[in-house]
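Mapping to our numbering: the sequence shown position 412 is 414, numbers consecutive.
Each residue gets a CB set at the ideal place from its N, CA and C atoms; glycine is no exception.
Below is one structure, written out as structure tokens; the observations come after it.
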Amino acid sequence: MILAFRNARLVLPDRVVHGTMEVRDGTISSVDDTAAAPPDAIDLDGDFLMPGLIDLHTDKLEQHYQPRPKVYWDPVAAAVNHDAEIATSGITTVYDALCLGLSEKGELRAEHLKPIVGGLTEARAAGMLRADHRIHLRCEVIGATVLDQLSAFDDDPVVGLVSVMDHAPGQRQTADVEVWYRLRREDDRMSDAAIADEFDRLTTASRELGPPQRRAVAGWARDRRLGLASHDDQTEAHVEESAAIGCTIAEFPTTVAAARASRAHGLAVMMGGPNLVRGRSSYGNVTARDLAAADLLDIVSSDYVPASLLHAVFILAGSVDGWDPAAGPRHRHRDAGRRCRPGGSRPDRARSARRSRSRPRRRRPPGGARRLGGRRAGGVRRRRVLSATLLALAAAGCGGNEAGREDGRACPPARMVLDVGHTPAAPGAIAASGAAELSFNTRFADRLADRLTGAGLAPAVIRIEGDDPMLERRVAAIAAAGPGLIVSIHHDSVQERYLRASVVDGVGRTYTDHAAGFSLFVPAETPHAQPSLELAQRIADALRVAGERPSLHHAEPIEGENRRLLDPARGIYAGDFLKILRTAPAPAVLVEVGVIKNPAEERRLADPATVDALAGAMAAAILSAPCPVIRR
């Protein structure tokens, strides 16, 4: 399929061009700075067509869950509503900031944490979200509960960024104590006596709990190779402490001195979009515009207004001399997004056409317009995301078949291959009831194929009929399909030593209660090892969100097992001993959906509702892969 846009102001990494962009089979294939365009091209009437935005910090999800005091929304609906606001703000990857530990309203926010995360993960697994949502854990280091709350996320793969905060009055965000007192009186309706008690409690906690818990949170993030950010640094000493514990991002420094020290220590400076759009800080601290004018601004986040992120781009161009996003960043930290990228986030590179385009419209701002890329530009009247399939222009160039891989390698147009494990002559494991594995594999693969086809990605399904038991026929059929991605469906058993005798319908059978859960195998010693592992991680995460748990029984140090675990939290093993993976001509994952030798698990996996739910979760994971296969 070919989709073209003409009469568009295309925002490229180093300039804005007025012309045409063509998308062929889901991949940006050309950018032309002339008026030439196919006759059926969509006329953008001079609007900007620009990359989707990455937002490292927004507090808005909490507000959707609690829209008013003591009013709590359904957590799944809150996630979907939040996602709609994010997507229509031009944001395609978002780090939803959730507060851990004690803050001024910390006890209530702690109670909300579990339902908010549950709603987000459920909506994500069901394919209800348009943006890519990660979690940013804001850790209040003066809170007595912060480390206990943090431990609940020990194995959560959705966490991508951690920040450390200290909101005690008299320093950092509320260095002006009078501002803090005024907010407590006017906003929280606290008495003077209660305010004095709160002041003593918070400042004592800052002195006694803050330093050791700051280090503990930093160690937790470091052990998990997650990005770490400071928060509201005020002095050079604050910045030195942040750099010492491994921070790479300085969120919202409150003074020019702190921003300058952050730059000197190699921390990328982040400021909030509302600060930049409004031209002032809510607490009377340094403004984002002042830091931009001093060449001390690297990253803008939406903070508490998602729409402010896109608006901020035009505000910078229209209010800060020398700032011209169309001509590329003028400051020296162009690589800040790569050096300081939180774990798991995508750099702003060429991607497939799916979910990464925004179209802001132009208007003349009050009092005249400034220049953007040699043409007039101002604020944003309204933004229209043209469809749920968004485009990203290339930060490293666009064209050919490049499609947004983090390592910059090509994602060639190819098809997905769905392999039905085993054959009629070699039907695989025998379930506790006596049913053959092949029947489970076929049923699950067919449902997964339906789910993928319904989403617009029709896989080639490989199934071997007849009496030929040879694995080579499946291997050859997979290769002949020209795969860009291979998923092989299986159901599991256990070693003979764990089998117990039973009688089912008068026939002797065997069963086990030794193991249950899914396992995934990937090639670890082939050129396709890394993308295979990345896809397996997405599938495992989706299955976990759907209520399944990984099985580690293949790692037991016994004959027939002792397989090498690549990711214990997700049940992912090295599968080079399997020919279908060892010889795979493309990224490949073999999925053992569950242990059908376990009677309870067999009953669940024979239930059509369970099959549909797990196939839907797996389909969503495949469709969200960063190097998607291309429809054809």
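| Asked | Found |
| --- | --- |
| Close-in-space but distant-in-sequence residues of the same chain around G120 (CB under 8 Å, 5 per side omitted) | P77 |
| Spatial distance of H169 from V547 (CA atoms) | 33 Å |
| Boundaries (first-last residue) of the beta strand (DSSP E) holding N9 | I4 to V13 |
| Beta-carbon gap between L568 and A619 smaller than 7 Å | no |
| Close-in-space but distant-in-sequence residues of the same chain around R445 (CB under 7 Å, 5 per side omitted) | V613 |
| DSSP state of S441 mapped onto helix, strand, coil | helix |
| Own chain, CB closer than 6 Å to A309, minus 5 neighbours either side, in chain order | S91 |
| Contacts around A622, its chain only, beta-carbon distance under 8 Å, and the 5 residues preceding and following it disregarded | R126, A127, A128, G129 and A544 |
| Exposure of K599, with buried meaning 16 or more beta-carbon neighbours within 10 Å | buried |
| 3-residue-minimum beta strand (DSSP E) runs that sit fully inside the stretch 263-325, ordered along the chain | 270-274 and 301-303 |
| Cβ contact (3+ pairs, closer than 8 Å) linking the stretch 199-219 and the stretch 158-176 | yes |
| Length-filtered (3 minimum) beta strand (DSSP E) runs lying within the stretch 475-558 | 485-494, 502-506, 509-513 and 521-524 |
| Proximity winner among Q539, E603 and P525, relative to P587 (alpha-carbon distances) | P525 |
| Exposure of F579, with buried meaning 16 or more beta-carbon neighbours within 10 Å | exposed |
| Contained alpha helix (DSSP H) runs [length at least 4] in the stretch 592-628, N- to C-terminal order | 601-608 and 610-625 |
| Spatially closest choice to G573 from R540, E604, W222 and P601, by CA coordinates | R540 |
| Cut-off 7 Å between Cβ atoms - residues of its own chain near V307, not counting five sequence neighbours on either side | G275 and P276 |
| Local Cβ density within 10 Å of V322, reported as buried at 16 or more and exposed below that | buried |
| S521 and H556 closer than 7 Å at C-beta | yes |
| Own chain, CB closer than 8 Å to I197, minus 5 neighbours either side, in chain order | Y183, R186 and R187 |
| Supposed close pair K581, L473 - CB separation, criterion 8 Å | 6 Å |
| For A531 and G436, the rounded distance between their alpha carbons | 36 Å |
| Boundaries of the alpha helix (DSSP H) in which F201 is found, first to last residue | D194 to E210 |
| Nearest residue (CA-CA) to E24, options D42, P429, R70 and V18 | D42 |
| Sufficient close CB pairs (3 or more, under 8 Å) joining the stretch 80-96 to the stretch 130-144 | yes |
| Same chain, Cβ closer than 6 Å to D494, five either side skipped, listed in chain order | E594 and V597 |
| Bridge partner(s) assigned by DSSP for V1 | With the chain covering 3 to 634 only, the question about residue 1 has no answer from this structure. |
| Which residues DSSP lists as bridging R70, in chain order | V73 |
| Residues of its chain near S504, where Cβ-Cβ distance is below 6 Å and the 5 sequence neighbours each way are ignored | R511 and Y513 |
| Buried versus exposed, by CB contacts within 10 Å (16 or more), R386 | Confidence at R386 is low in this model, with a pLDDT of 27, below 50, so the placement of that residue should be treated as unreliable; the coordinate-derived value is given next. R386 should be labelled exposed. |
| One or two residues paired with D576 in a DSSP bridge | Just to set this straight, residue 576 is Ala in the shown sequence, not Asp. DSSP output for A576 lists V524 as bridge partner(s). |
| Integer-rounded CB distance, given that L163 should sit under 8 Å from A231 | 7 Å |
| 6 Å CB neighbourhood of D190 in its chain, flanking five on each side removed | none |
| Proximity below 7 Å, CB of L269 to CB of C249 | yes |
| Residues of its chain near G423, where Cβ-Cβ distance is below 6 Å and the 5 sequence neighbours each way are ignored | N443, S490, I491 and H492 |
| Where the alpha helix (DSSP H) through R226 begins and ends | First-last for R226: undefined, no H or E at that position. |
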